[in-house]
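Colleague: Top to bottom, those sequences are chains A and B. Counting from 1 along the first sequence, just add 1258 to a position and that's the residue number in this note's numbering. Counting from 1 along the second sequence, just add 1258 to a position and that's the residue number in this note's numbering.
There are 2 protein chains.
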Amino acid sequence: MTARIMTASHAPVRQSSVRAHNLALVLQTVANSTDRPSRASIATRTGLTRATVSALVDDLIAGGLLTEHDPAPRTGAGRPAAGLALSGNGPAGLGLEINVDYLAACVVDLTGSVRHRIVSHSDQRPISAAAALAALDELAGQARAAAAASSLTLAGAALAVPGLVAADGLVRVAPNLGWQDVDVPSLLPGLADLPLMVDNEANLAALGELRAASDDEQTFLYVSGEIGIGAGIVLDGELYRGGRGWSGEIGHVTVYPDGRPCRCGANGCLEQYAGQEAVAADAALAASALGIALAAVVNLLDIGVIVLGGAYAPELPRLRDGIEAELTRRVLTAGLAPVTLRAAGLGADAAMRGAADAVIQSVRDNPAAWLSR
Amino acid sequence: MTARIMTASHAPVRQSSVRAHNLALVLQTVANSTDRPSRASIATRTGLTRATVSALVDDLIAGGLLTEHDPAPRTGAGRPAAGLALSGNGPAGLGLEINVDYLAACVVDLTGSVRHRIVSHSDQRPISAAAALAALDELAGQARAAAAASSLTLAGAALAVPGLVAADGLVRVAPNLGWQDVDVPSLLPGLADLPLMVDNEANLAALGELRAASDDEQTFLYVSGEIGIGAGIVLDGELYRGGRGWSGEIGHVTVYPDGRPCRCGANGCLEQYAGQEAVAADAALAASALGIALAAVVNLLDIGVIVLGGAYAPELPRLRDGIEAELTRRVLTAGLAPVTLRAAGLGADAAMRGAADAVIQSVRDNPAAWLSR
DNA sequence: CGGATTTGTTTATTGGTTGAATTATTTGGA
DNA sequence: TCCAAATAATTCAACCAATAAACAAATCCG
C-alpha cells in the first residue's frame, strides 16, 4: 500500500514531520487497542518495522505518554511481550462548560478517564458575561489545583458555549445566555498560560460522542436538544465546523415556511417545534418536525447515523417512531441503506467531556508537540 | 511553521511519501501560479530549499509534467530565471457525460485546456442502459483516438451520471435515465485499460467549478437545476461525497411538508417547486422554495458561497431577489456574514469538464504515481 | 570592465526509516 | 536437564531525502 500524505495547509514536509506523524500513528494505535499491544503487534498493525516502532515507543515512554506493563495475557512459546498502554499520569485536558443554569469543569487524562469533576449550579442569565466567566475562572482554578495534586500536567483547556463562536474565541452571539461579542479568553485570566479553545457546545459534545463511538461510526450527526437546538457534524472522523465555525444551526432550519414565528426573525424554525418545551407540549409534533429536518440533513450529507443528545436522549422512546416515519418517507436513499437513530452515550456531561477530549485528542494527534514542549 | 501531516488512512509514512508529497507541492505551486515561476520563487513560496526544488523539478520535467520556458518577464539584476509551466503534452484526462438528451466526451490536458470535445445529441430514455453505454463507449473511442493523435497520454477517465453512484461504479438509481443497478464499468469495454471513475453529475460539476474558482472560494455549494436538482458540496477544497457517495440530494429536501407529491413518494420536495418546469411556470415560487432549501444548507454547513449551475445559471437574474430574500430571513448568521450567490462559470459542459478535471487533478495531487507508472 | 545580484547546482551533513543480524526470554520436547 | 523452536525487542550498517553552505552561471549597473 502506498501512503498518501496530505498537509492541512500547503506546507513542505521534512523528515521531522515524518517522525511526528509516525509518533502519532503509534500512539493512536495504542489508544485504539482494547488490549495492551506489544511493540511487535504495533509494527504489524501499522506497517512500520519493529525497529522503528521501538524507537518511537522509547520516545513516547520517555515523554510520559506511554507506560510499559507486565505481559497481559499468556500465549504460546516465545519471549513474552511488554504490554503498552496510555499513561494516566502524563498530560491531561481541562474541559469547561458554561450553560444557562450551571458551570462545570472536569479534568480528563490521556486514557480518557475523568479524574476530577466539579459542577456548580447557578443561573447565568441575570448576571453579566464578565461575572459568569469570573465564576468559571474560579471553578477552573479549583480543577487545576486538583489536577496538580494528582501530578497531572494540563496540556490545554477547552470551553463549551451555547452560541456562535469565532475562531479566535470571540463569542458572537449566545442567545440563551444573553451574550453578544464576548471576548472569552481575556475574561479567563486564570487560564492565560494554557492553550484555550472556545467552541460551540454541540460541536464539542459531538467530539465527545466521537471518542466514545466505535470505529465504524466515524460519520454522524449529533443533535443536542436544549432550550435551543444545535448540531455537531462529524464527517469521516473529523468535526466539520464550517467556513467560519458556525455550522450545525439545525435549530433554525425551516420546517414550516409559514409557521410559528421564531425569535431569530424567521418563521417555522425547527426550534419552535422541537425545542425543550415543544417536546413536552406535543411529542408527536416535535418528532415529526425533527424528522423533517433530519431528513434534509441526510439527503444533503448522506449521513447514516444520527445521535440524539441533551434533552432528546431521555425522550427518544417517545420520539423515535415519529422521527423514523419522516426519515423513511423523505430520505431519498432510505430504501438503499437505513438511517440509524440512537441516544447519546454520554449524558449531560457530553459537552464538558467533549471539551476535555478535544484537548487530549490534540495531544494524541500530535504527540511530537507535547514531547518537545 | 510546523507541518502537520495526515494520512487518509492510518498508514505509515516513509521517506518516499515525503518525496511524493513534495513533488505534489511543487506541481501544485506551478499550477496555481499565474506567471511562470522560477525554481527559486517556488522555493520561497513553498518553504522548501532551492536545492530540493531543483531536484524535484528535474523529476517533474523528466516525467513530462513540467516544461521549461524562456524567462517570462525581465526583472532587475541577477541571472535570469527559467520559467516553469505545466506541460500540455503529458498526461490528459478523459471526461465523459451521459445525460437524458446527450452524450459527451472531452480530453483535457494538464494545463486545463480542452483539447478535444465531442457531443452527440440523442435521447437515452427509450434505449437500454447497455445501448446507451455502447454509444458512449464508441464516443470515448473517438476521443481516445484524437488524444493519441495529439500525442497525449490518458491518465484515466471519469464519467458523470445523473444518479446515485456507489463507490465501485455501480449506478444504483438514475431516475431520469430510467436506470437501476447498472454496472457501468463492465459496459464500457473500450475503457477497460484505463482507471475509470463514475460519479454523480452534480459532484463532478462542482469539481469543475472548484478548479475554475479563485483561491478564496474553497468552500461552496454547487446546485445544478435540470429536470432533477442535484448539489455538489465542496468543503475546504475537497468534494464531500458522503458516507456512501450519495450526498447532495437537495432536490428531495422538504420545503413544504404537506405540499405537492413528488415521484420519490414524499411530499413537498424542492424538486416539485424549483425543477426546470417549475421555474418556467412560476419563477417567484421557485426562487422562494430554492431560498428556503439553501438557507437550510447554510444553517447546517456554514457555507458562504452558492453557485447556481445547469438551467439555473441563465435564470439567475429572475431568481436572485427571491432567493436572497429567503436567505437573509432564514439564515441565522446572515447578519454576521453575507452569503454570496453567483452563476456557474462553466456552462452546460460543467459536468464533463469536471470529470476530466477530476482525472488531471488526481495527477496533480499525486504526480509520483504518474512518474512511476 | 568589475562588483553586485540573483538563479541554479554541487557536496557534505543530518534525520529518520529499513533490513538483517543479534540478544533476550519463554515453551516444549528429547 | 538441556536444547531447539518461537517470539520479542534491540543494535547497526545502509539508504533515502531534505538541508545548509559553498560554488558556478548569467545578467545588470556603475
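Ideal placement from N, C-alpha and C gives every residue a C-beta, glycine not left out. If you're wondering where the values come from, they're calculated on a predicted model, not measured in any experiment.
Please return the same chain residues whose Cβ sits closer than 8 Å to the Cβ of P1515/A, not counting the five positions on each side in sequence.
Modeller: Taken in chain order, the residues that qualify are N1525 and G1526.
Colleague: Given N1624/A, which residues of its chain have a CB within under 7 Å of its CB, disregarding the five upstream and five downstream residues?
Modeller: Result list for N1624/A: A1278 and A1282, in chain order.
Colleague: I need the straight-line Cα distance from V1284/B to L1314/B, nearest angstrom please.
Modeller: Those two C-alpha atoms are separated by around 7 Å.
Colleague: Listed from N- to C-terminal order along the chain, which residues in the segment 1279-1301 of chain B have their beta-carbon within a distance smaller than 8 Å of any beta-carbon of chain A?
Modeller: Within the segment 1279-1301 of chain B, the qualifying residues are H1279, N1280, L1283, Q1286 and T1287.
Colleague: Consult DSSP for Y1360/B and reduce its assignment to one of helix, strand or coil.
Modeller: If DSSP states are grouped into helix, strand and coil, Y1360/B belongs with the strands.
Colleague: Write down every uninterrupted run of the alpha helix (DSSP H) in the segment 1277-1359 of chain A whose length is 4 residues or greater and which is fully enclosed by it, in chain order.
Modeller: Fully enclosed alpha helix (DSSP H) runs of 4 or longer: 1297-1304 and 1308-1320.
Colleague: For H1327/A, which residues in chain B fall below 7 Å Cβ to Cβ?
Modeller: Simply none; closest approach about 23 Å.
Colleague: Would a check of beta-carbon distances place I1581/B closer than 8 Å to chain A?
Modeller: With 8 Å as the cut-off, I1581/B does not count as an interface residue toward chain A.
Colleague: Does DSSP put S1378/A in a helix, in a strand, or in coil?
Modeller: The answer is strand: DSSP assigns S1378/A an E or B state.
Colleague: Which residues, in chain order, does the segment 1405-1425 of chain B contribute to contact with chain A at a C-beta distance below 8 Å?
Modeller: Listed by position along the chain: L1422.
Colleague: Between the segment 1417-1432 of chain A and the segment 1467-1476 of chain A, are three or more C-beta pairs nearer than 8 Å?
Modeller: With a cut-off of 8 Å, the segment 1467-1476 of chain A and the segment 1417-1432 of chain A do not count as touching, because too few Cβ pairs lie within range.
Colleague: Just to make sure I have the definition right: I need the residues of chain B whose C-beta is within less than 9 Å of the C-beta of Q1273/A. Which are they?
Modeller: Within 9 Å Cβ-Cβ: Q1273 and V1276.
Colleague: Could you have a look at E1496/A and say whether DSSP puts it in helix, strand or coil?
Modeller: Of the three classes helix, strand and coil, the one that applies to E1496/A here is strand, per DSSP.
Colleague: Give me the DSSP bridge partner(s) of A1418/A.
Modeller: In DSSP, A1418/A forms a bridge with E1355/A and D1457/A.
Colleague: Using a beta-carbon distance cut-off of less than 8 Å, what residues from the segment 1360-1380 of chain A approach chain B?
Modeller: Here the close residues number zero.
Colleague: Are any of the Cβ atoms in chain B nearer than 8 Å to that of Y1570/A?
Modeller: Output row for Y1570/A: interface = no.
Colleague: Below 8 Å on the Cβ atoms is my contact criterion, and I expect A1637/B with V1511/A to pass it. Report the Cβ-Cβ distance as a whole number of Å.
Modeller: No answer is possible for residue 1637/B: it lies beyond the span of chain B, which begins at 1259 and ends at 1631.
Colleague: Starting from the beta carbon of W1504/A, find every residue of chain B whose beta carbon is closer than 7 Å, and list them in chain order.
Modeller: What W1504/A touches in chain B: D1560 and T1591.
Colleague: Checking the sheet assignment: what are the DSSP bridge partners for Y1480/B?
Modeller: Y1480/B is bridged to G1490/B and V1565/B.
Colleague: Starting from D1615/A and walking both ways along the alpha helix (DSSP H), at which residues does that stretch end?
Modeller: From DSSP, the alpha helix (DSSP H) with D1615/A extends over A1608 to D1623.
Colleague: Smallest Cα separation from S1386/B: which of T1369/B, A1343/B, A1432/B and P1447/B?
Modeller: That would be A1432/B, whose Cα lies nearest to the Cα of S1386/B.
Colleague: Rounded to the nearest angstrom, what separates S1274/B and E1396/A at their Cα positions?
Modeller: The straight-line gap from Cα to Cα measures roughly 51 Å.
Colleague: What first and last residue would you give for the beta strand (DSSP E) that runs through T1586/B?
Modeller: Run containing T1586/B: none in the beta strand (DSSP E); it sits in the alpha helix (DSSP H), Y1570 to R1588.
Colleague: Tell me the DSSP secondary structure of L1237/A in three-state form.
Modeller: In this structure chain A extends from 1259 to 1631, so residue 1237/A is not present and cannot be described.
Colleague: Give me the subset of the segment 1476-1502 of chain B whose CB atoms are less than 8 Å from a CB atom of chain A, sorted by chain position.
Modeller: Correct list: T1477, A1489, I1491, L1493, Y1498, R1499, G1500, G1501 and R1502.
Colleague: If you draw a straight line from the alpha carbon of R1262/A to that of T1302/A, how long is it in whole angstroms?
Modeller: For R1262/A, the pLDDT reaches just 42, beneath the cut-off of 50, and the residue's location in the model is therefore unreliable, leaving the point undetermined.
Colleague: Within the same chain, show all residues whose beta-carbon is closer than 8 Å to that of G1341/B, passing over the 5 residues directly before and after it, in chain order.
Modeller: Excluding residues within five positions, the ones whose Cβ falls inside 8 Å are D1293, R1294, P1295, S1296, E1326, H1327, D1328, P1329 and A1330.
Colleague: What does G1448/B touch in chain A if you count any residue whose Cβ is under 7 Å from its own?
Modeller: Those do not exist, as G1448/B stays about 28 Å from chain A at its closest Cβ, beyond 7 Å.
Colleague: Sort Q1476/B, L1559/B and A1298/B by Cα distance to I1508/A and report the nearest one.
Modeller: Residue L1559/B is the option with its Cα nearest to I1508/A.
Colleague: So with CB distances below 7 Å, who are the chain A contacts of Y1514/B?
Modeller: By Cβ distance, chain A contributes P1515.
Colleague: Could you check whether L1548/A and C1528/A sit closer than 8 Å to each other, using their CB atoms as the reference points?
Modeller: For the sequence presented, residue 1528/A should be read as Leu rather than Cys. Contact: yes.
Colleague: For L1412/A, list the residues DSSP reports as bridge partners.
Modeller: Note: L1412/A sits in a beta bridge opposite A1350/A.
Colleague: Could you check if T1477/B is buried or exposed, using at least 16 other CB atoms within 10 Å of its CB as the buried criterion?
Modeller: Its Cβ being crowded by 16 or more others within 10 Å, T1477/B is buried.
Colleague: Applying a beta-carbon distance threshold of less than 8 Å, which residues of chain B neighbour V1555/A?
Modeller: The answer, in chain order, is L1558.
Colleague: Are the CB atoms of N1434/A and G1500/A within a distance shorter than 8 Å?
Modeller: Not closer than 8 Å, so no.
Colleague: Taking three-plus beta-carbon pairs below 8 Å as touching, is the segment 1607-1622 of chain A in contact with the segment 1339-1358 of chain A?
Modeller: They touch, by the three-pair rule.
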